[in-house]
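Student:
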Amino acid sequence: IDFEVKDADGNLVANAVIDSATKTITLTYTDYPEKHSGVKGELFFYSRVDETKVKQEKDINLKFTISNDVTISAGTLHYKGPNKKVDTTVDKTGVQDAKDKSLFHYTVAVNRSATDLKNVVLKDRLGDDIYKVNVLKDTIKVYEVEWFWDTDKAYWNYRNQKDVTDTYKGKVTMDADQKGFSLELGNIGKKGYMVTYDIKADYTPADGEVFTNKAILKHSGTEKYEMKFDLRYLAAGGKAEGYVYSINLLKKDKNGGQALKGAEFQVTRDATGQVIGKFTTDDNGKISITKLLKDNYTIKETKAPNGYKLDPTEIKIGPNDFGSDKSITKEVLNEKDKTKICGTKTWDDNNNQDGKRPTKIKVKLLADGKEVASKEVTEQDGWKYSFDNLDKYKDGKEVNYTIDEEVVEFYEKAIDGFNLTNKHVPEKTKVEGLKTWNDNNNQDGKRPTKIKVKLLADGKEVATKEVTEQDGWKYSFDNLDKYNKGKEIKYTIDEEVVAGYTKEINGYNLKNNYTPEIVNIAGAKTWDDNNNQDGKRPSKIKVKLLADGKEVASK
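Numbering (my numbering), first residue to last: 7 to 561.
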């Protein structure tokens with residue numbers, strides 16, 4: 007058996023060869039010592055008591071001789087004595103491969119007790135907490151053996167080994183995840199069997215890492231025997247300390263420094279992808295993750311404390327990060343969770359028709375009903391506003407942000423979420439007037455039955471209206487805009503020409519004048535009385551004028 011001795015940077019220092027027969031380790035150094043003067047180091051290896059030499063319980067003084075001239079004392083070991091014979095129905099052992107650090111060999115002993123067994127089924131499976139380790143199906147071997155207790159060596163041995171693997175090839179069923187298998191041995195009577203197989207890890211195990219598996223033997227359909235076995239990986243040069251390391255986390259506010267409760271973390275072992283666990287910081291912002299191997303780990307925050315941003319940065323822990331106390335403490339800082347309030351001011355005033363829109367407004371920000379900030383907003387801002395870098399939480403509760411606005415004269419406000427709408431209904435006006443006829447009550451019959459009144463806005467015709475006697479010669483233009491682009495509109499009226507009439511405009515009233523036509527009636531009185539022969543002619547007469555048969559004048 008040999009192994010390499012390397013420094014902390016992985017440089018080869020020496021090659022080691024173990025001779026179990028002579029109980030020696032031979033180190034052959036490279037040129038490393040020549041190039042690295044003054045360097046010190048340690049070498050660890052594992053040894054056990056030779057039961058063939060020590061037959062009883064006793065204290066053993068451990069001494070190691072180096073290069074035949076230096077003896078080192080390693081203290082005293084209390085040896086409990088050789089193993090004692092125990093008849094078992096199922097037992098198992100395992101060893102790591104001498105060269106391949108990720109390969110392990112297992113042996114399952116069946117029926118050392120020589121019990122008459124029927125309908126035997128052997129189930130062997132790795133522990134549920136074992137990841138990225140599989141049973142190699144092709145390495146499963148079945149042997150028929152005769153078990154006996156080797157008194158000299160104080161352990162179970164076997165003889166008359168017979169390979170019966172081919173007989174049971176069709177009796178092996180692998181678990182779907184390749185972490186275990188079942189073997190139907192059937193009616194074996196009092197015969198002994200030995201089943202061997204290998205497991206292979208997808209990574210190099212950490213020093214002291216334990217691989218747990220269990221063998222269960224059922225027979226006669228109901229009775230069963232179980233044997234749990236923990237195989238500890240021992241790295242040459244290591245200390246086999248195992249699951250004694252710990253990671254401590256301290257969660258704090260980045261700015262204030264106070265401890266933060268309620269942060270959740272997930273811890274994963276890199277080599278296997280195994281989630282070691284999910285942990286939550288306590289009232290003091292602390293987490294302690296114990297019973298870890300000296301290995302590589304990834305810590306990821308999965309939930310931030312209330313009111314804080316989740317930190318997506320993964321924390322990497324390596325074997326060399328653990329201190330002499332076998333622990334490491336990491337301080338993890340969080341920034342407060344921030345939010346942003348954005349909104350837009352909308353004017354519902356027909357494009358500022360009345361010119362009442364102000365050049366700026368003031369938007370107020372309220373947190374839980376209390377004003378905490380304000381901002382002037384202008385047209386240059388596009389009437390948009392935002393309040394940035396706001397605390398999302400206060401005392402663990404989400405802040406309820408709302409907005410309001412200082413009163414804008416002439417406008418009504420409406421708030422929809424964080425958006426504002428100001429409404430101003432453009433002012434309206436009315437133009438009304440009366441048509442008057444000055445034509446001696448239409449004496450000449452020239453008055454039309456209708457007229458057309460024209461409405462002008464700032465001198466431009468914008469509307470017309472027919473007006474009749476049925477309207478009482480009254481007219482009105484309703485719902486007129488009072489302003490245009492902020493200036494008051496000047497409304498005037500006019501009228502289409504009415505033949506024979508002249509118009510007068512007084513404000514919004516119209517007067518049409520017409521002078522009736524005049525005729526002269528002339529005549530002469532003739533006397534046919536032989537020149538007043540009888541003297542009867544009066545000195546005067548009265549002439550009456552009739553219009554359409556009615557007397558209208560006399561002379």
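Ideal placement from N, C-alpha and C gives every residue a C-beta, glycine not left out.
1) Would you call the region 469-489 and the region 433-447 in contact, with 3 or more CB pairs under 8 Å?
2) Would you report the Cα separation of Val216 and Tyr239, rounded to the nearest angstrom?
3) For Asn485, name the three-state secondary structure that DSSP assigns.
4) Below 8 Å between beta carbons: does that hold for Pro340 and Ala310?
5) Report the residue from Glu510, Thr508, Tyr514 whose alpha carbon sits nearest the alpha carbon of Thr498.
6) Do you know how far the Cα of Ser53 is from the Cα of Asp169?
7) Helix, strand or coil for Gly198 per DSSP?
8) Note down, one range per segment and in chain order, each alpha helix (DSSP H) of at least 4 residues found wholly within the region 502-543.
9) In the region 362-413, which residue ranges form an unbroken beta strand (DSSP E) of at least 3 residues, counting only runs that do not cross its ends?
10) Buried or exposed: Phe110, going by 16 or more other Cβ atoms within 10 Å of its Cβ?
11) Taking only the alpha-carbon atoms, compute the straight-line gap between Glu229 and Val127 and give it to the nearest angstrom.
12) Leaving out five residues on either side along the sequence, give the residues of the same chain with a beta carbon under 7 Å from the beta carbon of Ala559.
13) Using CA atoms only, rank isn't needed, just tell me which of Val55, Val60, Tyr314 is closest to Lys403.
14) So what's Gln167 in DSSP terms, helix, strand or just coil?
15) Assuming Thr365 contacts Thr384 (C-beta within less than 8 Å), just tell me the rounded distance between them.
16) In whole angstroms, what is the alpha-carbon distance linking Ala80 and Thr296?
17) Kindly list the residues whose CB is nearer than 6 Å to the CB of Glu270, restricted to its own chain and excluding five residues on each side of it in sequence; keep chain order.
18) Decide yes or no for the touch test of the region 440-458 against the region 394-411: beta carbon pairs closer than 8 Å, at least 3 of them.
19) Based on Cα-Cα distance, which residue from Leu371, Tyr35, Thr427 lies nearest to Lys346?
20) Where are the beta strand (DSSP E) runs, 3 residues long or more, that stay fully inside the region 90-163, in chain order?
21) What are the uninterrupted segments assigned as beta strand (DSSP E) that are 3 or more residues long and contained completely in the region 236-324, given in chain order?
22) I'd like to confirm something about Glu232: is its beta-carbon nearer than 7 Å to some heavy atom of the ligand SAM, or not?
23) Please say whether Glu501 and Ile457 have beta carbons closer to each other than 8 Å?
24) Report back the beta-carbon spacing between Gly279 and Tyr164 to the nearest angstrom; my notes put them in contact at under 8 Å.
25) Taking only three categories from DSSP, how would you classify Glu40?
26) Three or more C-beta pairs under 8 Å: does that hold for the region 196-212 against the region 137-146?
27) Give the straight-line distance between the Cα atoms of Gln539 and Pro522, rounded to the nearest whole angstrom.
28) Below 6 Å CB to CB, which residues in the same chain sit around Asn302 once its five sequence neighbours on both sides are set aside?
29) Kindly indicate which three-state DSSP category Thr30 falls into: helix, strand or coil?
30) Excluding the five sequence neighbours on either side, which residues of its own chain have a C-beta within less than 8 Å of the C-beta of Thr30, listed in chain order?
31) For Glu467, I'd like the list of residues in its chain whose CB is within less than 6 Å of its CB, leaving aside the five on either flank, ordered along the chain.
32) For Val178 and Val92, I'd like the C-alpha separation in whole angstroms.
33) For Lys441, which beta-bridge partners are listed by DSSP?
34) Below 8 Å, can you find three or more Cβ-Cβ pairs linking the region 326-337 to the region 251-260?
35) Please tell me whether Ala27 has its Cβ less than 8 Å away from any Cβ of chain D.
36) Going by Cα to Cα distance, which pick from Ala463, Thr218, Thr455 is closest to Glu472?
Tutor: On the basis of the supplied data:
1) yes
2) 6 Å
3) strand
4) For the record, residue 340 in the displayed sequence is Asn; it is not Pro. Closer than 8 Å, so yes.
5) Tyr514
6) 32 Å
7) strand
8) Counting whole runs of 4 or more residues, the region 502-543 contains no alpha helix (DSSP H) stretch at all.
9) Fully enclosed beta strand (DSSP E) runs of 3 or longer: 366-373, 376-384, 390-397, 407-411.
10) buried
11) 11 Å
12) Leu551
13) Tyr314
14) strand
15) 6 Å
16) 30 Å
17) These residues qualify, in order along the chain: Thr286, Thr308, Lys309.
18) no
19) That would be Leu371, whose Cα lies nearest to the Cα of Lys346.
20) 96-102, 109-116, 126-132, 139-156
21) For the region 236-324, whole beta strand (DSSP E) runs of length 3 or above, ordered along the chain, are 251-259, 270-275, 281-286, 292-298, 303-309, 321-323.
22) The ligand SAM is not part of this structure, which contains no ligands at all.
23) yes
24) About 39 Å separates the two Cβ atoms, so there is no contact after all.
25) helix
26) yes
27) 46 Å
28) Asp276, Gly324
29) strand
30) Ile24
31) Lys460
32) Going by the C-alpha atoms only, they are around 28 Å apart.
33) Leu516
34) Contact check between the region 326-337 and the region 251-260: three or more CB pairs, one atom from each, fall below 8 Å, which counts as touching.
35) The structure shown contains no chain D; it is built from a single protein chain.
36) Thr455
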